[in-house]
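Residue numbers (our numbering): 2 to 334.
We treat Cβ as the ideally placed atom computed from N, Cα and C, and that holds for glycine.
All of these numbers come straight from a predicted model, not from anything done at the bench.
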Amino acid sequence: MGIKGLTPLLKDKAPQSIESISLSQLRDKRVAIDISIFLYKSLSNVRYNGDYLRNSQGEIVSHIVGIFQKTIQYLSVGIQPLYIFDGKPPEEKRECIKERNQKVEECKQKMQSEEITQHEKQKLEKGTIRLTKQHIDDVKHLFDLMGIPYIHNNVGEAEAYAAELCRLGYVEAVVTEDMDTLAYGCPKMIRNCIDRTIKRKDVVSCFSYESLLSGFDVTPEQFVDICILCGCDYCPTIPKVGPIRAFQYIKQYGSIESMIESGKFTISEGFKERFEKSRELFQIFRDKIDLTALPLHSSEKNLLGLKQYLIEGCNMGETKVNNAIKTGYRITQ
């Protein structure tokens with residue numbers, strides 16, 4: 002999930018909240034990673050021949066190879082990754098999920114046309130990708146072999162859970178592409194570098210929650226209201242209110258309630274209940290996580306089994322696998 006237009010709004014109103022850093026600056030730090038976006042990206046990667054990466058049985062293994070390579074990148078600079086999986090989404094996200102499913106069906110229908118090019122077909126195919134239980138089980142098995150811990154909570158979105166882990170100090174930062182992580186109160190969020198002038202792959206963008214509140218000159222509650230007005234998965238927006246006006250109106254009125262009470266805005270039926278529920282959802286894990294009883298799954302690494310899984314099960318080259326393992330686990334022999 003994201004917050005529409007939040008990144009450019011931060012760049013405009015609170016540029017000091019965004020910093021470009023090297024991954025190596027997180028050395029020896031435990032970092033929570035929202036795995037869903039990386040799974041989708043890995044599954045959408047196609048080879049030069051236009052097909053997905055498959056093993057000898059014809060099964061797609063793009064997600065396994067992609068997550069392995071991403072994890073090795075983190076390990077190689079001394080980062081301690083903790084992957085977080087999505088739990089059951091809240092009921093308020095039903096409409097958003099329905100819209101996404103409709104887009105998937107639209108892409109599938111367009112792919113049937115004989116008039117589209119192969120390139121257009123491949124682009125549409127990426128829009129049909131959905132995560133399955135098998136995909137999730139595959140990467141969990143990978144993590145077990147790699148000795149990488151993960152958490153799969155029963156309910157709630159991964160970025161919400163990860164944000165609270167960061168707020169509680171259990172992790173140094175949260176790696177995700179979902180800007181709503183900040184609405185959950187995450188102190189430090191890491192995403193792919195948004196500075197187009199920087200070409201280094203090891204440089205990322207670091208967002209500071211404290212700095213954005215200072216730059217916006219708002220309270221945490223007002224920041225959540227700005228995010229809701231910008232547009233989130235839980236609630237419809239107010240007509241003609243985009244990110245800039247959302248910021249201006251909350252600065253002017255102080256809250257969404259005061260905006261509505263002014264009588265100057267047209268709201269949809271049920272909006273009041275929806276935005277109030279959205280506020281609650283952005284606090285879903287606040288003070289509800291017991292760090293002494295985390296649903297943490299961890300195992301001892303099995304590098305021999307890992308090599309076998311990647312080489313025999315995923316058709317990765319033996320030399321490539323060996324070199325990656327040496328790099329990630331810093332094996333000198």
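Query - Continuous alpha helix (DSSP H) assignments of at least 4 residues falling wholly in the stretch 202-261 - result: 210-217, 221-231 and 244-254
Query raised in the report: Helix, strand or coil: which one does DSSP assign to Arg275?
Result: Numbered from its first residue, the sequence shown carries residue 275 at position 274. Shown here, Arg275 sits in a helix according to DSSP, grouped into three states.
Query raised in the report: So what does Val175 bridge to, in DSSP terms?
Result: Taking the sequence shown and counting its residues from 1, the one referred to as residue 175 is at position 174. Answer is Ala33 and Met190.
Requested in this report: Would you identify the three-state DSSP class for Pro16, choosing helix, strand or coil?
Outcome: Here residue 16 is taken as the residue at index 15 of the sequence shown, counted from 1. Pro16: helix per DSSP, three-state reduction.
Query raised in the report: Is the stretch 204-212 touching the stretch 72-90, taking contact as three or more C-beta pairs under 8 Å?
Result: no
Query raised in the report: Does DSSP put Pro9 in a helix, a strand or coil?
Result: For the purposes of this step, residue 9 is identified with residue 8 of the sequence shown, where counting begins at 1. It is helical.
Requested in this report: With DSSP collapsed to three states, give me the class of Ile117.
Outcome: Start at 1 with the first residue of the sequence shown, and residue 117 comes out as number 116. Three-state result, Ile117: coil.
Report task. Using beta-carbon positions only, say whether Gln284 and Ile251 come within less than 8 Å of one another. Result -> Working through the sequence shown from its first residue, we reach residue 284 at position 283. Working through the sequence shown from its first residue, we reach residue 251 at position 250. No.
Query raised in the report: How far does the beta strand (DSSP E) with Gln81 in it reach, from first residue to last?
Result: Looking up residue 81 in the sequence shown gives position 80. Its beta strand (DSSP E) spans residues Gln81 to Phe86.
Query - Residues near Phe144 in its chain [Cβ-Cβ closer than 6 Å; skip 5 each side] - result: As a first step, residue 144 must be located in the sequence shown, where it is residue number 143. Within the same chain, Phe144 has close Cβ partners Tyr151.
Query raised in the report: For Ser279, which residues of its own chain have a beta-carbon under 6 Å away from its beta-carbon, when the five flanking residues on both sides are left out?
Result: Position 278 of the sequence shown holds residue 279. Once the five neighbours on either side are set aside, the close Cβ partners of Ser279 are Ile229, Tyr235 and Cys236.
**Report entry** Close beta carbons around Phe248, own chain, < 8 Å, minus the five adjacent residues each side
**Finding:** Numbered from its first residue, the sequence shown carries residue 248 at position 247. Around Phe248: Leu10, Lys14, Phe217 and Ile227.
Query raised in the report: Mind checking whether Thr267 and Pro244 have CB atoms under 8 Å apart?
Result: For the purposes of this step, residue 267 is taken as the residue at position 266 of the sequence shown. For the purposes of this step, residue 244 is taken as the residue at position 243 of the sequence shown. Not in contact: Thr267 and Pro244 (Cβ atoms no closer than 8 Å).
Report task. From the DSSP output, read off the bridge partner residues of His136. Result -> Mapped onto the sequence shown, residue 136 falls at position 135. In the DSSP output, where bridge partners are listed per residue, His136 has none listed.
Query raised in the report: Is the Cβ-Cβ distance between Ile34 and Leu83 less than 8 Å?
Result: Residue mapping note: residue 34 aligns to position 33 of the sequence shown, counting from 1. Residue mapping note: residue 83 aligns to position 82 of the sequence shown, counting from 1. Yes, they are a contact pair.
Query raised in the report: Roughly how far, in whole angstroms, is the beta-carbon of Ile326 from the beta-carbon of Leu304, given that I think they are within contact range, below 8 Å?
Result: Position 325 of the sequence shown, counted from the first residue, corresponds to residue 326. Position 303 of the sequence shown, counted from the first residue, corresponds to residue 304. The Cβ separation is near 6 Å, so the contact holds.
Query raised in the report: Among Lys89, Thr220, Arg287 and Gln17, which residue has its Cα nearest to the Cα of Glu158?
Result: Taking the first residue of the sequence shown as 1, we reach residue 158 at position 157. Cα-wise, what sits closest to Glu158 is Lys89.
Query raised in the report: What's the call for Ser23, buried or exposed, on a 16-neighbour Cβ count within 10 Å?
Result: As a first step, residue 23 is located in the sequence shown; it is residue number 22 there, counting from the start. Around the beta-carbon of Ser23, fewer than 16 other beta-carbon atoms lie within 10 Å, marking it exposed.
Query raised in the report: DSSP three-state call for Ser45: helix, strand or coil?
Result: Here the question's residue 45 lines up with position 44 in the sequence shown. Here Ser45 carries a helix assignment [DSSP, helix/strand/coil].
Report task. State yes or no: is the C-beta of Leu132 within less than 8 Å of the C-beta of Ile290? Result -> Stepping through the sequence shown from its first residue, residue 132 is reached at position 131. Stepping through the sequence shown from its first residue, residue 290 is reached at position 289. For Leu132 and Ile290, no; Cβs fall outside 8 Å.
Query raised in the report: Whose C-alpha, out of Ser299, Tyr310, Val219 and Leu282, is nearest the C-alpha of Ser57?
Result: Against the sequence shown, residue 57 aligns to sequence position 56. Ranking Ser299, Tyr310, Val219 and Leu282 by Cα distance to Ser57 puts Tyr310 first.
Report task. Write down the C-beta distance between Ile1 and Cys315 rounded to the nearest angstrom, noting that I regard them as a contact closer than 8 Å. Result -> Nothing about residue 1 can be read from this structure; the chain reaches only from 2 to 334.
Query - Reference Glu277; option with closest CA among Lys265, Ala184, Ser263 and Ile257 - result: Taking the first residue of the sequence shown as position 1, residue 277 is located at position 276. Per the Cα distances, Ile257.
Report task. Output the distance between the C-alpha atoms of Arg31 and Leu295, rounded to the nearest integer angstrom. Result -> Indexing the sequence shown from 1 puts residue 31 at position 30. Indexing the sequence shown from 1 puts residue 295 at position 294. Those two C-alpha atoms are separated by around 15 Å.
Query raised in the report: Residues in its own chain within less than 8 Å of Ile4 by CB, not counting five upstream and five downstream?
Result: In the sequence shown, counting from the first residue as 1, residue 4 sits at position 3. So the qualifying residues of the chain are Met180, Asp181, Leu183, Ala184, Cys228, Cys231, Gly232 and Cys233.
Query raised in the report: Distance, Cα to Cα, Lys200 vs Ser21?
Result: Taking the first residue of the sequence shown as 1, we reach residue 200 at position 199. Taking the first residue of the sequence shown as 1, we reach residue 21 at position 20. Between Lys200 and Ser21, the C-alpha separation is close to 12 Å.
Requested in this report: Kindly identify the DSSP beta-bridge partner or partners of Val156.
Outcome: The count along the sequence shown starts at 1 and reaches residue 156 at position 155. Bridge partners of Val156: Lys89.
Query raised in the report: Do you know how far the Cα of Lys308 is from the Cα of Gly318?
Result: For the purposes of this step, residue 318 is taken as residue 317 along the sequence shown, with counting starting at 1. For the purposes of this step, residue 308 is taken as residue 307 along the sequence shown, with counting starting at 1. Approximately 10 Å, taken between the alpha carbons.
Query raised in the report: How close, in whole Å, do the beta carbons of Ile80 and Leu40 come, if the pair is a contact with beta carbons under 8 Å?
Result: Residue 80 sits at position 79 when you count from the first residue of the sequence shown. Residue 40 sits at position 39 when you count from the first residue of the sequence shown. Contact between Ile80 and Leu40 is absent: CB atoms are separated by about 19 Å, not below the 8 Å threshold.
Query raised in the report: By a C-beta neighbour count over all protein chains shown, 10 Å radius and 16 as the cutoff for buried, is Ser269 buried or exposed?
Result: Indexing the sequence shown from 1 puts residue 269 at position 268. That one is exposed.
Query - Tyr310 in three-state terms, based on DSSP - result: Position 309 of the sequence shown holds residue 310. Of the three classes helix, strand and coil, the one that applies to Tyr310 here is helix, per DSSP.
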